[in-house]
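Have a look at the structure below before the remarks.
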Amino acid sequence: MKKTIILLLFITAVSCVFGQKKYVLTLDQSLELALKQGYAVQNATSQYLSSKKGYESALRRLRTSVDLNVDAPNFSESLTSQFNPLTQRYEFYELQTTRFQTGLTISQPLVFTGGTLTLRESVFGRDQISGLGGSAKTSKDFFNNFLVEFRQPLLTPNMHRINSDKAAIGLEQVESDFLRNQLDVIYTVTDGFFSLYQLSQRVEISREQVKQNQESYETAKNKYGAGLIPEVEVLQSEVDLVTSQNELLSAQREVERAKNAFRLLVGLSSTDDVNVIAAISYQSVPIDSVKAIDAALENRSEVLNASRNRDLRQMDIDIASARNDFRMDVTATYGFNRNDTELSRVWRDFGTSRSASLGISIPLFDWGSNRLEVEAAEVQHRNALAGYEYTRQQIKQEIIDLLNRIKVAESRIQVLEKVVAVAQKSYDISISRFSSGTINRNDLAQAQQRLTAAKINNLGALIDYRIGLADLKRKTLFDFEKNEPAKPLTFDTPLD
């Protein structure tokens, strides 16, 4: 039994090892993975395709439509009470009809006028059995009918044009929303990547600090053994060593948590091992603040959607007003038809049918419901106007705040690079002086803490700057590093 358990544990361990994939990812590779298999992109793409197809469907409904209707067959049988003049009384009249019919309808909405042009062709054959009292008669005939119909509403908004404009606006909106969603994913992945990288670097800094404390502890023990320092300094060095080891363990735990979140973000399995690499160096990117604000106001989907919302609400006012306005409808038809007992004869020697009508609708009284509907639409339109201006001001303020954040990060980098160099030089001197007995352990510990803090702060400033640039690209839809508009990313080659 014990051997079996050991064997199963061994097999499980081997399968886990061989089933695990190892990834060492750069930022570009992380973005590629996220855009190929991350849930956020898949969800955004699904919503985009669904909305896009819906609006494209609405646009195509304004094109020519063709419908075919077939009755094969249409059977009916009934008894009808009817007055018989011969017997001077009501009698039941039996009627049995079997009809085979086909009809073709071609309809074309006229977007430029708001009318509709329809062509109809129908052909049917009919068998009838009818009788009155005890008699019964059988008849068979065929009918062919072709009709052209034109309907045109007058003095009313062009609903075909309004529906076309609404669908076109909706299509533009889903396109801009998709680009925004993709840039949001890119920013989120970039932020997650640098967060993981920053924590990984803190592990390295903590590991270096442990090494330095280990060396300081060994030096302190040797000096204590030689009678050069009191025992309390050795104990303090040991406490510093244990504290730094504990900080290293905490940093490693934080890295594992960040890896779990990052794996989920880019679509990797929870069993996969992932690490990130980056060459973070400071390269100043020229940013024109006026250009950044203008690009955001021109490209941000929030502004575009607010602008489209103004147009849609104006359409709502027009539609609501039209419901209570004087309206006319013109209908004209012209057709050819023929009825005969022989099918071959219904295709020639047509008779004609035609009609024309002018319908007039005048709303008189509705308890003010339409007026209230118009007022509601006007309120929504005013709100859309205010929302548009508010959105512009909000986005402008966002860009100003973001530019200040980038500027602060850039200033910090320039200062902290010098601080790191000075702190490193100070620590190297302190090591030599501690070894020679010129300074005590507390002076060395302070120099070490200054070096560690300088490295962590410098790393944070570099990452803040990179994340700020990524956020600026997301919020302006302009890539200032490449000096070109932001574009949707596509990856056609497989990830190595």
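Residue numbers for the sequence shown follow the numbering used here, beginning at 96 and rising by one.
Backbone N, C-alpha and C fix where the C-beta goes; we use that ideal spot for every residue, glycine too.
Item	Value
Local Cβ density within 10 Å of Arg158, reported as buried at 16 or more and exposed below that	exposed
Environment of Ile100 [buried if 16+ CB atoms lie within 10 Å]	Note that Ile100 scores 49 on pLDDT, short of 50, meaning its location in the model is unreliable and no value can be drawn from it.
Nearest-angstrom Cα separation, counted from Tyr485 out to Ile388	15 angstroms
Ile201 - partner residues in DSSP beta bridges	Val161 and Leu214
Buried versus exposed, by CB contacts within 10 Å (16 or more), Glu579	exposed
Inter-residue CB distance, Ser176 and Phe187 (contact presumed, cutoff 8 angstroms)	6 angstroms
Residues near Ser165 in its chain [Cβ-Cβ closer than 6 angstroms; skip 5 each side]	The identity of residue 165 in the sequence shown is Val, whereas the question assumes Ser. So the list reads Thr197, once near-sequence residues are dropped.
Where Lys354 falls: helix, strand or coil (DSSP)	helix
Ser202 vs Ser160 beta-carbon contact at 8 angstroms	yes
Status (buried if at least 16 other CB within 10 Å, exposed otherwise) for Tyr134	exposed
Residues near Leu399 by beta carbon distance below 8 angstroms, same chain, minus five either side	Glu267, Gln268 and Ser271
Helix, strand or coil at Glu37 [DSSP, three-state]	Look at the range of the chain in this structure, 96 to 591, and you will see that residue 37 is not part of it.
Alpha carbon of Asp420 to alpha carbon of Ser452, nearest angstrom	20 angstroms
Where the beta strand (DSSP E) through Gln247 begins and ends	Lys232 to Leu249
Every unbroken beta strand (DSSP E) within the stretch 413-441, with a cutoff of 3 residues, ordered by chain	422-435
Residue nearest to Thr200 in terms of C-alpha spacing, selected from Leu278, Glu189, Leu212 and Thr192	Leu212
C-beta atoms of Phe241 and Gly362 nearer than 8 angstroms	no
Proximity winner among Lys232, Thr233, Leu546 and Ser384, relative to Gln63 (alpha-carbon distances)	The first residue shown for the chain is 96 and the last is 591, placing residue 63 beyond what the model contains.
Straight-line gap, Arg194 to Arg221 (C-alpha atoms, nearest Å)	4 angstroms
Cβ pair Val329, Tyr319 closer than 8 angstroms	yes
Continuous alpha helix (DSSP H) assignments of at least 4 residues falling wholly in the stretch 123-172	134-155
Element boundaries [alpha helix (DSSP H), containing Lys117]	Counting along the chain, Lys117 falls outside any alpha helix (DSSP H), though it belongs to the beta strand (DSSP E) covering Lys117 to Leu120.
Nearest-angstrom Cα separation, counted from Tyr292 out to Lys354	10 angstroms
Sequence-distant residues of its chain with Cβ nearer than 6 angstroms to Phe575 (five each side left out)	Val380 and Ile382
Residue-chain proximity (Asn240, chain B), Cβ-Cβ < 8 angstroms	Note that chain B does not occur in the displayed structure, where there is just one protein chain.
Sheet register partners of Phe178 (DSSP bridge)	Tyr185
Cβ pair count under 8 angstroms reaching 3, the stretch 502-521 against the stretch 556-573	yes
Span of the beta strand (DSSP E) around Thr447	Gly446 to Ser456
Range of the contiguous alpha helix (DSSP H) that encloses Val514	Ser464 to Ser531
Residues bridged to Arg275 (per DSSP)	Paired residues: none, contrary to the question.
Three-state class that DSSP yields for Asp222 in the structure shown	strand
Selection from Phe273, Leu249 and Ser290 that minimises the alpha carbon distance to Ile551	Ser290
Neighbourhood of Leu590 by C-beta, 7 angstroms cutoff - its chain only, sequence neighbours within 5 removed	Residue confidence is low: Leu590 scores 43 on pLDDT, short of 50, so the model does not pin down where it sits. Its coordinate-derived value is still stated next. Excluding sequence neighbours, Leu590 sits near Gln124, Glu127 and Leu128.
Sequence-distant residues of its chain with Cβ nearer than 8 angstroms to Val109 (five each side left out)	Because Val109 carries a pLDDT of 42, less than 50, the predicted location of this residue cannot be relied on, and no value is offered for it.
Contact under 8 angstroms by Cβ, Thr251 with Ala481	no
Exposed unless 16 or more other CB atoms sit within 10 angstroms - verdict on Gln183	exposed
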